[in-house]
Amino acid sequence: MFEYALSVMIFLPILAGLAMLLFPISRGASRIAGMIVSLVVLLMGIELFLGFSGTGGMQYLENRPWIESLGIRYGLGVDGISLLVLMTSAVLFPMVFSIFTTRKKGYYANLLIAQGSMIGAICATDLVLFYIFWEIMLLPIFFMIGIYGGPKRLPATLKITIYTIAGSLLMLAALVYVGVSYHNQFGAWTFDIVQLGALNLGGGFAVLAFFMFMAAFAIKIPLFPFHTWLPDAYTEAPTATTFVLSAIMAKIGVYGVIRFVVPVFEIEFARFAILFSLAGVVGMMYCGLAAIAQKDMKRMLAFSSASHMGIIAVGVFCMNVQALTGSLFQIAAHATSTGVLFLFVGLMEERMGSRDIGDLGGIAYRAPIFATFFAIAMLASVGLPGTSGFIGEFLIILGAVKFNGFIGFLAGTSLIIGVCYMLWMFQRVFFEKTNERTLQFADLKVSEVLTFLPVIVLIMAMGIFPQAFITKIEPAAQLQVAQIFPTTQSDVAETTVLTPGHTNTKN
Amino acid sequence: MSAEWLFYVFSVLSVLGASGLVLFRHPMSGAMSLIVTMISLAGLYALLSAKLIFVLQLIVYAGAIMSLILFIIMFLNIQTIDLPEEKGRFYYLVGGIILISPIASFLIKVVKSLPGSEATIVGSGFGGVKEVGLVLFQDWLLPFEIVSLLLLVSLVGAVVLAGKRRLNK
Amino acid sequence: MHDFLSFLPFLIIGAGAILLMLLSAFEKIQVEIASFVSMGFFGAAFFAQLLVGCGPEASLFAKVFNGMLVSSNFTMVAGLIILGCGFFTAVSSHSYFKVNLFCTLEFYCIMMFAACGMLLLTMAQELITAFIALEIMSLSIYILVGYDRANVTATEAILKYLILGAFAGAFFTMGTALIYGGAATTKFVEISTAISSGSASQPLLLAGVFFVFVALLFKAAAFPFHAWVIDVYEGASAPVTGFMATALKTAVFAVFANFLALSGELHSGWITFLFWVSVLTMFGGNLVAIGQSSLKRMLAASGIVHSGYLLIALVAISADHFTGSAIGYYLAAYAVSTLGIFAALSYLGGEGEKRATFDDFKGLAKVRPYSAAAITVFLLSMAGIPPTAGFMGKFYIITSAISAGQTALAVLLVVSSAFSMWYYLRLIINMYFHEAEDSFESIGSPLAGAGTLALVVCVFAIGLYPIVL
Amino acid sequence: MIQNYLILSVILFSLGILGVISRRNVFTVFMSIELMLNAANLSFIAFSRLHESMDGQVLALLVMAVAAAEAALALAVVILLHKHKGKLDTNVFSLLKG
Amino acid sequence: MEHTATYLGLIPLFPLIGALVIGLLHMLTCRKNPLSEMLYGALACIGPVLSFFLALVVFYHLKGLPADERMLTHNAYIWFAVGDLHVNMGFLADPLSSLMLLFVTFIGSLIHIYSIGYMAKDKNFGKFFAYMNLFLGSMLILVLGGGPVVMFVGWEGVGLCSYLLISYYSEDTDNVLAGNKAFIVNRIGDLGFVLGMSVLFWAIGAGGFDYLSLKANAHSLTPAIGVAVCLLLFVGACGKSAQIPLYVWLPDAMAGPTPVSALIHAATMVTAGVYMVARFSFIYAHFPSAGMVVAWVGILTALLAAIFGMFQKDIKKILAYSTVSQLGYMFAAVGVTAYSAGIFHVFTHAFFKALLFLGAGSVIYALHHQQDIWKMGGLKDKMPRTYWTMLIGALALSGVPPFSGFFSKDEILFSALANGHTGIWFIGVLVAGMTAYYTFRMIFLVFHGKPRDQQAFDHAHEPPAVMTIPLVILAVGAAFAGVLNLPAIFGGSLNVSHWLAPSVVEHHPHVSVWLELLAMLASIGVVAVGIYIAFKKFAEGAEEPVFTGFAKVGYNKFYVDEIYNALFVQTYKGFGSVISRFLEPNVTDSHVRFTSWLYQKAGNAFKALQVGYVRIYAIYMVIGLSLMSLFLSQSIN
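Chains as they are written, first to last, in the numbering used here: chain A, 70 to 576; chain B, 58 to 226; chain C, 53 to 521; chain D, 157 to 254; chain E, 4 to 640.
This is the structure:
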């Protein structure tokens, strides 16, 4: 039975979601059904996580021919790179079903479809299969924002959809280019990522294909300056969708870079890593600065999320095992912290009818449990040691310093930038005086506490005992970095010379 | 020599007729000049020793098709006031000539590229009814057969479009 | 025997057409019956085609027809698509004519004649045969376009189509004449040998092929010969538009591909030309589509874009071992989704097609969720979103383009598909993200629902199990 | 010699195009198309003479048949148009646009 | 030679558990029916006291070992290991950390007890103690951390608690803002710390990223990287220990409850920077140029803060600036490689500054949260115990012999002189005089003269014993702690310095006794002058002056806050609003907007081309044909 675990994790939610759409069932029933399905997925995910041994290779493989004339296969598998992303998407979904009770049936169905397709994108080892899931996962998002979103949802929906599809279509052309190149070099068709690693690309088209791949992922992550869809979409989307977008979908962008770009385009990756890491830090700073000026809490979190994604992306481009592991770890950490913050904001909006920072105040006195949870998630998001956020951020900065001193310094400023807007928001919302709107804010109910508690515990656990996670992902990161290095050592050497002169300029 | 003379006469006539078609405002005049063109073309076919086509051009084209057109023009009783004003016609003509000149010059260039060999004398059977008929029914049977289908479609179509209709009530 | 079997679908359809023509003389026969009859014939021909299958390329009745008809895997696939289109058009006509009462028996008869022309066109390996087949098809379609005589827009549509179509036909004739002048023959095989032996006159062939291309590009609605298609699609009734958009395009591209593939030399000489035409077609089509408010006009314009994609596939065919698989697959994928959309339009358009614009479909999902879902599936397929057939089609075209070294075209293709997202999404947005203003009542026909469902299944089936390849 | 015929054919063909694009009268337009077909036919015959093969004549014959079929349909359409608007101006029929 | 001691982990764990328990209890009960203060108070004191006893155990354990082997380690588990980077959740107790451990737990326990009285009747009593326990736990992690990363955990943890406790009275926006400021400024320092750690790791961290391994590998640092590491780490120290330019948060931090100021912002947390530099003495000692930066920054901070301190009127602000100033001394000490002197000053300072703060807390408590010294006066008789203890603290702070401050400060000044840094010594002496002046200005204004606010004066009374007993204990410490490190000139043998010797890398220069004596006399003289001036001006009840000229600038702290605000905060906010109002909608999004605009415009143009006239469509065709013909006729010769 566990042989097909991944397939079940993918198709159980998708089929359940489709069935939910097709058959007339009530809202409550669909919520419960969704909850059950996501819990099943969660249990399978936990089982899978526990059974996973950190050897660096793929496990839980499924591989069947699909379209043989082009060597496209139905290939699934999990390794250290995808493990945490997979776990994130398995762990976080039940919360959504448990918290929000006021949505329609279609919403729950779309959530399930989103979950299934995201897991599919995470597990796929075949480029085409990945692409298919990658596109499918946008559809439920599109419908969720469009149907259940805020007042300005239409432009936001269009922008996210067309923008991201434009990016993915570029990737489509690039991935076909990769497949054709493989065919030209080895005489056989395949889109299996492991075999494509053997490919030896060069020349202008390879650079073009690399940038087309990166365009898709850069838009999804989103990297500066391709982030402009993000604030609108995150703000207008219903909370659970924002949660899914920020906690999981953005991460699949980063994951895609690691899984699909690095093995194929080692040379181009090493060549342009500095450019993209610069985009990452600039985006981190830019979005972080923009966050301080936001009045809408959700929009602020949206910018904060973009800012964090920038730093996660930096970790990927630094091409050393610390930074890469840090990014992989931070993927999960960010999902638990910022993602949960989005849920909290959603709760506040649901209870008080406003998420405008200026309208709120003094919630900490009314709802100590809520405030504590919020504070823990917030502190994780600013990277306080002892929470999940620290490990990843530290590793990324550490790696970035090795990669390039200046980038390292800029990446380090995330320590400051993040804390500025977060504290500012926390002050306005949780401290200061209560008003009539916040006076009636009720603290978390027992069921809600039980929902959030695991994640809060997870945030702490990932900060205090991160090694349990890192042992599973680190070997894969080692392999991945090793893959870049043999071919590109000479290219990289000049960029990794440590230049401490850069780093002490701000005294 | 006479063949060349005839050629020039017919070609001038046909070009004049075609120009008349393009220039005359009333379709009736246009139709009449088109008939001139067609008859001249028939003459040219004869000069090219395509006897059957010469006959068919006269009967089918100049005869049947053009009389059908004339018939319809008269049937509809087109008055001058019914005709479009076409005030800017000459601008369109000039513009059209400018537009077409690249096409025409291209085609003429193409035609000029043919080696200018004098036509050889062909046998008397060339272009006769029997000879063409043989070719038609031996080599070109399929097109001939499916032309029947085409005519059938055209027939049904004319009925459907212009005839009385029994509606499905 | 094989010749006969391969020819059988054509015979079945022709027989059906003539049968219906004869039946139309009888007052008693209802239009509905005619629709069932035509469905039956299309279905029978479809299965005949499917069962016959096809081995290697074979000339049909070589002695009698002088190699003017050739059947191959590609023609079989094209034939299947055309017959399928005919079947589903009959299905959607069935429901369409329940509210729009201008139908007579001849409608189905002419539709089947059109299918005859198309089938011939796919198999034609000779220019004048192709021309006649093209004219059979075109004349039938003209008639279908203008079938609603009481409707002035339909009349306008037929006028425009007829004038421009005949204009293009004249070019085809001239092109044939020039090719005949250049190669002394009009048969594809002999043209090919003439080219390879060097006995043909290059300039004449160039001009001739150019004119033939012009006519075919016109029929395929390539830029800049696209202007008619938008007006004609709007003027014609929805099932006819669907038929035109799918079956006609299939037939035209089939003959186009056959013609191009006749000689590698010919093909390679025209790559630059086709390259630019396809690029202009894709982007021109997108730009036309963007501003449209009528659904049919948008679909017409998107048809232009899809023609552009197919032209890319034509650029990328390999004349040496031509299989046409990418073209065939894409045509099938495109046909299924387009038919689906037009079936839905036929069904939901209401009397006199009163629901025709984007705005008219606001809130459809609230009232008729299943219809809206089906339309969404079709639109996504046209937009090329996985896992639908449209995606795989696009995938194959990109693959073949890159394999043929046309990476730039592949990139332009994806850019163009990104642009095309806007107008497909616009309809989805209108259907889902707005409140319903209309009750969308329509005369229920179980057939329409079944047909749409079958098409939805086809969209996914073709997408997930691309057996054509 | 044959070239002259072909040049004439080209001229007629061009005049036909000119008629189609510069005139608004439906009849004239249709007749211009007929003119183009005739020009093509002239080429067929001329080439047939050049190649000394009668295939060209057969082709011309078939084109005539097609032209006839087309003309029949065209005239039916003209009648239909006349019924609707009483005018034969192609510009009158411009409801479908934009 | 190191020994393992598994109980090390328990030391921070006790307060942390206490924090968790108190926090949960408070969180769950505060809304409905709060638990009794006695319960919270008792729970809160258990952790610190237990830790204190364990600290004693550590001390005696170490003492029982030979000097070279005084190192106890405990690696609880692998925290994270990536590639070459191995970070253990490891603890290290050596003489340095054991000294810190002792006084942190000792003073911490005292202040916890004191707080029971001070915070009585506060509605968030439980929360306060949860934070305090959390702070103590973090501080102990900081002190005990076996490597820089573990230290960083405590480092940030104390920063967080500092933030939480500064904004404790969170209904008042200013308090929260002060908390924010503290956290953010600390974070700026932390950036330096993290970068420093990173550079350090890539330089010598592959062999193990804990102090012992680093110390073993320190010799392979190149000068450039070594200096960079030192300076980056020092940025971190500046943030935490409030040195130029990052000192601005500490005066504002006085917004928190007074015990917090005593514990966190005087005795323990703010000295973490000094501790850190001492911890990394194995690097700093190799790079004197970096040390010079540290020393000069320290002494200038001392000077600046002393100037500010002279003009303040808020009793806590005065103490805050004096803390900054004293921290400056400590950095001057560690900068000139007199690590043990610096640490010893940390030690004595903890006693007398905590004492002063708690005393000030008593005053504030007695006067119902009046903090302006110009509204006090004559409290000497009403609050004798507070007066006497505070006087001892003031004498210690001013460096009057034989109180503890004298010995530690003198040790620093003497080390500077002995190492040849006359400038530092000179400023140091000057600052000592200023310190004496402002300290006694405060004492005279608060306790002497006539009451300036009669009503408050009438209600003033000595606080309960739970608050005064810690005062007395601390006063004893402040008075006599100096003897622990009595220099040879007084017949002592620098016990603390010898105790610390295994932990820090330093060498004691040998200078003539006369010089030492001279220096000592100079500083005593300057102190006496300072006290005398204060006495003359304030002992007999001066009225609040109107500041003009330099005094006004000094009172306004040289407008540094305003300058920072304009230079950094407003710039930051300005960037934020420029980005979100202008750049975001108009510039970064422009590629999207431009594309869609172009697309729509082109679409409209194409729509306009569909004129509907069939002739025009034919013309389009012919135009296309013409162009193609032109193109094709190129290929015909």
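For glycine and all other residues, C-beta sits at the position ideal for the given N, C-alpha and C.
Rounded to whole angstroms, how far is the Cβ of residue i from the Cβ of residue j, which I believe are closer than 8 angstroms?
{"i": "isoleucine 184 of chain C", "j": "valine 222 of chain D", "result": "6 angstroms"}
{"i": "leucine 157 of chain C", "j": "serine 76 of chain C", "result": "4 angstroms"}
{"i": "glycine 114 of chain A", "j": "methionine 156 of chain A", "result": "6 angstroms"}
{"i": "methionine 523 of chain E", "j": "aspartate 413 of chain E", "result": "6 angstroms"}
{"i": "alanine 424 of chain C", "j": "glycine 515 of chain C", "result": "20 angstroms between Cβ atoms; not a contact."}
{"i": "proline 291 of chain E", "j": "tyrosine 121 of chain E", "result": "The pair is not a contact, with the Cβ atoms about 45 angstroms apart (cut-off 8 angstroms)."}
For residue i versus residue j, is the C-beta distance shorter than 9 angstroms?
{"i": "serine 407 of chain E", "j": "phenylalanine 354 of chain E", "result": "yes"}
{"i": "glycine 198 of chain C", "j": "leucine 186 of chain C", "result": "no"}
{"i": "alanine 227 of chain E", "j": "asparagine 178 of chain E", "result": "no"}
{"i": "phenylalanine 329 of chain A", "j": "isoleucine 381 of chain A", "result": "no"}
{"i": "isoleucine 110 of chain E", "j": "leucine 266 of chain E", "result": "yes"}
{"i": "methionine 157 of chain D", "j": "glycine 172 of chain D", "result": "no"}
{"i": "alanine 252 of chain C", "j": "alanine 274 of chain C", "result": "no"}
{"i": "isoleucine 376 of chain E", "j": "leucine 448 of chain E", "result": "yes"}
{"i": "cysteine 155 of chain C", "j": "alanine 387 of chain C", "result": "no"}
From the options, pick the residue whose C-alpha is nearest to that of residue i; which is it?
{"i": "valine 197 of chain E", "options": "A:Trp298, A:Glu72, A:Lys471", "result": "A:Lys471"}
{"i": "glutamine 399 of chain A", "options": "A:Ile465, A:Cys356, A:Gly422", "result": "A:Ile465"}
{"i": "isoleucine 302 of chain E", "options": "E:Tyr250, E:Gly362, E:His371", "result": "E:Tyr250"}
{"i": "isoleucine 214 of chain A", "options": "C:Glu489, C:Ile481, C:Ala513", "result": "C:Ile481"}
{"i": "glutamine 549 of chain A", "options": "A:Lys228, A:Val326, A:Leu198", "result": "A:Val326"}
{"i": "valine 329 of chain C", "options": "C:Leu318, C:Ser359, C:Lys301", "result": "C:Ser359"}
{"i": "glycine 381 of chain E", "options": "E:Ala123, E:His464, E:Gly21", "result": "E:His464"}
When DSSP labels each residue in this structure, what does residue i get in the three-state scheme?
{"i": "glutamate 563 of chain A", "result": "Residue confidence for glutamate 563 of chain A is low, a pLDDT of 40 falling below 50, so the modelled location carries little weight; the figure read from the coordinates is stated next. In the structure shown, glutamate 563 of chain A sits in coil (DSSP, three-state: anything other than H, G, I, E or B)."}
{"i": "arginine 388 of chain E", "result": "helix"}
{"i": "aspartate 425 of chain A", "result": "strand"}
{"i": "methionine 283 of chain A", "result": "helix"}
{"i": "tryptophan 197 of chain B", "result": "coil"}
{"i": "glutamine 391 of chain A", "result": "helix"}
{"i": "isoleucine 38 of chain A", "result": "Absent from the model: residue 38 of chain A. The displayed extent of chain A is 70 to 576, so no value can be given."}
So the alpha helix (DSSP H) residue i belongs to, where does it begin and stop?
{"i": "glycine 316 of chain C", "result": "316 to 321"}
{"i": "leucine 171 of chain B", "result": "No alpha helix (DSSP H) contains leucine 171 of chain B, which DSSP labels as neither H nor E."}
Please determine whether the Cβ atom of residue i lies at a distance below 8 angstroms from any heavy atom of the ligand NAP.
{"i": "valine 304 of chain C", "result": "With respect to small molecules bound, the structure shown includes none, and the ligand NAP cannot be examined in it."}
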